[in-house]
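Just so we're aligned, residue 50 is where the sequence shown starts under our numbering, counting upward by one.
Where a beta carbon is used, it is the ideal one built from N, C-alpha and C, also for glycine.
Here the structure is a predicted model, which is why all the values come from computation and not from measurement.
Before any comments, here is the structure.
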Amino acid sequence: MKITTKTALVTGANKGIGKAIAIKLLEQGIRVIGTSTNKYGVQTINKYLKKNGFGFILDLKDTNSITEKIKEIYKHKYSIDILVNNAGVKLDKLLVHMNNTEWEDIIKINLTSIFYTSKAVIRSMIKKKEGRIITINSIIGYTGNKGQINYSTAKSGLIGFHKSLALEVASKGITVNMVAPGLIQTDFIKNLNIFQYKKYLSNIPMKRLGKAEEIADAVIFLSSKKASYITGQTLHINGGMYM
Ligand SMILES: NC(=O)c1ccc[n+]([C@@H]2O[C@H](COP(=O)([O-])OP(=O)(O)OC[C@H]3O[C@@H](n4cnc5c(N)ncnc54)[C@H](OP(=O)(O)O)[C@@H]3O)[C@@H](O)[C@H]2O)c1
């Protein structure tokens, strides 16, 4: 595989959707810099990247560290052409049972962090007059869900952020889009019990869960030249669950 001069930063690249995205970017000849919250995740990333990029530890909850960590990448003479904001978490509770930390952490990781990652790459993209920002949203950001007030607030907040940023940089050759998965087979949904699982499945017209690779394919498309006139959009991938 020939590595081009393009570099992508993928958050949460050690598993699930982020790993599928990173591997497909690599297959396109794009160098990948991937993040995980821990050294085992970084080892996983380095193993599959095989020197076509590297992994590093990033905790998006620690918003103060994000700018510095991304600056380090530029100091190593890499310049990010494609930012994939993939990492995300949920912590489901009804509002009556949710404490302040459970609210704030989910907002920080899923929403506030995107302000910092995007800000850290945008100037260099503007200078180059080229760039792609792609964020993994969720069907829940568009529909809401009982027991997911923190997560759905964060994910729907992303809609305003991406539309506004898309407008701010549209004339600079930078596109800003989102991919919103429905139910995808990853660790993210491993805690669903059999009743929740059956209930969700009954609401999916295609009668199956999605695969991480099916989300990754959309990210590859949005990061490619073929998507150069698409900005401010959300690509919904959910087996017909939400239209
Ligand atoms: N799977 C689904 O059904 C589904 C549906 C809709 C949307 N999504 C969205 O898809 C994205 C990826 O989810 P997934 O299904 O691939 O989940 P996953 O397998 O659980 O992976 C989550 C990723 O996020 C990273 N992460 C978690 N907390 C973090 C933090 N504080 N700072 C930085 N990174 C952190 C994890 O890194 P570590 O393992 O190193 O902690 C991991 O790489 C998320 O944004 C999620 O909201 C998923």
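Notebook entry, point to check: If you drop the 5 nearest sequence neighbours on each side, which residues of the same chain put their C-beta closer than 8 Å to that of Y264?
Noted result: The count along the sequence shown starts at 1 and reaches residue 264 at position 215. Note that residue 264 is Ile in the sequence shown here, rather than Tyr. If we look at I264 and ignore the five residues flanking it on each side, its Cβ neighbours are I66, A69, I70, I185, V228, P230, I233 and I286.
Note to self: Quick check on the DSSP output: what are the complete alpha helix (DSSP H) runs of length 4 or more inside the segment 84-123, in order along the chain?
What the structure shows: DSSP runs (the alpha helix (DSSP H)) wholly in the segment 84-123: 88-98.
Margin query: Suppose only complete runs of 3+ residues qualify. What are the beta strand (DSSP E) ranges in the segment 181-241, listed by chain order?
Written below: Correct list: 223-230.
Next item on the list: Specify the secondary structure class of T56 as computed by DSSP and reduced to three states.
Entry: Numbered from its first residue, the sequence shown carries residue 56 at position 7. T56 falls in the strand class under three-state DSSP.
Notebook entry, point to check: Does DSSP put I82 in a helix, a strand or coil?
Noted result: Numbered from 1 along the sequence shown, position 33 holds the residue referred to as residue 82. Of the three classes helix, strand and coil, the one that applies to I82 here is strand, per DSSP.
Next item on the list: Specify, as a first and last residue, the run of the beta strand (DSSP E) that N134 falls within.
Entry: Against the sequence shown, residue 134 aligns to sequence position 85. I131 to N134 is the span of the beta strand (DSSP E), which, as asked, contains N134.
Note to self: With a threshold of 7 Å (Cβ to nearest heavy atom), would T60 be considered close to ligand 1?
What the structure shows: On the sequence shown, residue 60 is found 11 positions in, with the first residue counted as 1. Checking every heavy atom of ligand 1 against the Cβ of T60, one is found closer than 7 Å.
Notebook entry, point to check: Where does L43 fall in DSSP's three states?
Noted result: This structure leaves residue 43 out entirely; the chain is present only between 50 and 292.
Notebook entry, point to check: Any heavy atom of ligand 1 closer than 7 Å to the CB of T84?
Noted result: Position 35 of the sequence shown, counting from 1, holds the residue named residue 84. The answer is yes for T84.
Item checked: Residues near L74 in its chain [Cβ-Cβ closer than 6 Å; skip 5 each side] -> The sequence position of residue 74 within the sequence shown is 25, counting from 1. Excluding residues within five positions, the ones whose Cβ falls inside 6 Å are A57 and V81.
Checklist line | Residue environment, N199, which counts as buried when at least 16 other CB atoms sit within 10 Å | finding: Along the sequence shown, read from residue 1 onward, the residue named residue 199 stands at position 150. By the neighbour-count rule (16 or more Cβ atoms within 10 Å), N199 is buried.
Next item on the list: Could you tell me whether the Cβ atoms of I158 and L109 are closer together than 8 Å?
Entry: Translated into the one-based positions of the sequence shown, residue 158 becomes position 109. Translated into the one-based positions of the sequence shown, residue 109 becomes position 60. Their beta carbons are under 8 Å apart, which means I158 touches L109 by this criterion.
Next item on the list: Please indicate yes or no: does the CB of K247 lie closer than 7 Å to some heavy atom of ligand 1?
Entry: Taking the sequence shown and counting its residues from 1, the one referred to as residue 247 is at position 198. No, the Cβ of K247 stays beyond 7 Å of every heavy atom of ligand 1.
Next item on the list: Please work out which residues of its chain come closer than 6 Å, Cβ to Cβ, to Y127, disregarding the five sequence neighbours upstream and downstream, and give them in chain order.
Entry: Residue 127 sits at position 78 when you count from the first residue of the sequence shown. Excluding sequence positions up to five before and after Y127, its CB lies within less than 6 Å of the CB of T56, all in the same chain and listed in chain order.
Check: Nearest to L271 by alpha carbon, out of K260, S162 and T283?
Finding: Translated into positions along the sequence shown, residue 271 becomes position 222. Its Cα nearest to that of L271, the residue T283 stands out among K260, S162 and T283.
Notebook entry, point to check: For G104, is the beta carbon positioned less than 7 Å from some heavy atom of ligand 1?
Noted result: Locating residue 104 in the sequence shown gives position 55, where the first residue counts as 1. The answer is no for G104.
Margin query: I want to know whether the segment 101-121 touches the segment 163-180 - three or more CB-CB distances under 8 Å.
Written below: At 8 Å Cβ cutoff, the stretches touch.
Checklist line | Nearest neighbour of Y298, chosen from V170, V225 and K221 [CA to CA] | finding: In this structure the chain extends from 50 to 292, so residue 298 is not present and cannot be described.
Check: By Cβ distance, which residues of its chain are closer than 6 Å to G222, with the 5 residues on each side in sequence left out?
Finding: For the purposes of this step, residue 222 is taken as residue 173 along the sequence shown, with counting starting at 1. Once the five neighbours on either side are set aside, the close Cβ partners of G222 are K178 and E179.
Note to self: Taking DSSP's pairing of strands, which residues face K300 in a bridge?
What the structure shows: This structure does not reach residue 300, given that the chain is present from 50 up to 292, and the question cannot be answered.
Notebook entry, point to check: Out of curiosity, what's the CA-to-CA distance linking L143 and G196?
Noted result: By 1-based counting over the sequence shown, the position of residue 143 is 94. By 1-based counting over the sequence shown, the position of residue 196 is 147. Spanning the alpha carbons of L143 and G196 requires a straight line of approximately 4 Å.
Checklist line | Three-way DSSP call (helix, strand, coil) for K142 in this model | finding: Within the sequence shown, residue 142 is the residue found at index 93, counting from 1. Correct three-state label for K142: strand.
Notebook entry, point to check: Is G61 helix, strand or coil by DSSP?
Noted result: Translated into the one-based positions of the sequence shown, residue 61 becomes position 12. Correct three-state label for G61: coil.
Note to self: Measuring only the C-alpha atoms, how far is K100 from I94?
What the structure shows: The residue you call residue 100 lines up with position 51 of the sequence shown. The residue you call residue 94 lines up with position 45 of the sequence shown. So the alpha carbons of these two residues sit roughly 10 Å apart.
Margin query: Please classify R257 as buried or exposed, where buried requires at least 16 other C-beta atoms within 10 Å of its C-beta.
Written below: By 1-based counting over the sequence shown, the position of residue 257 is 208. Classification for R257: exposed.
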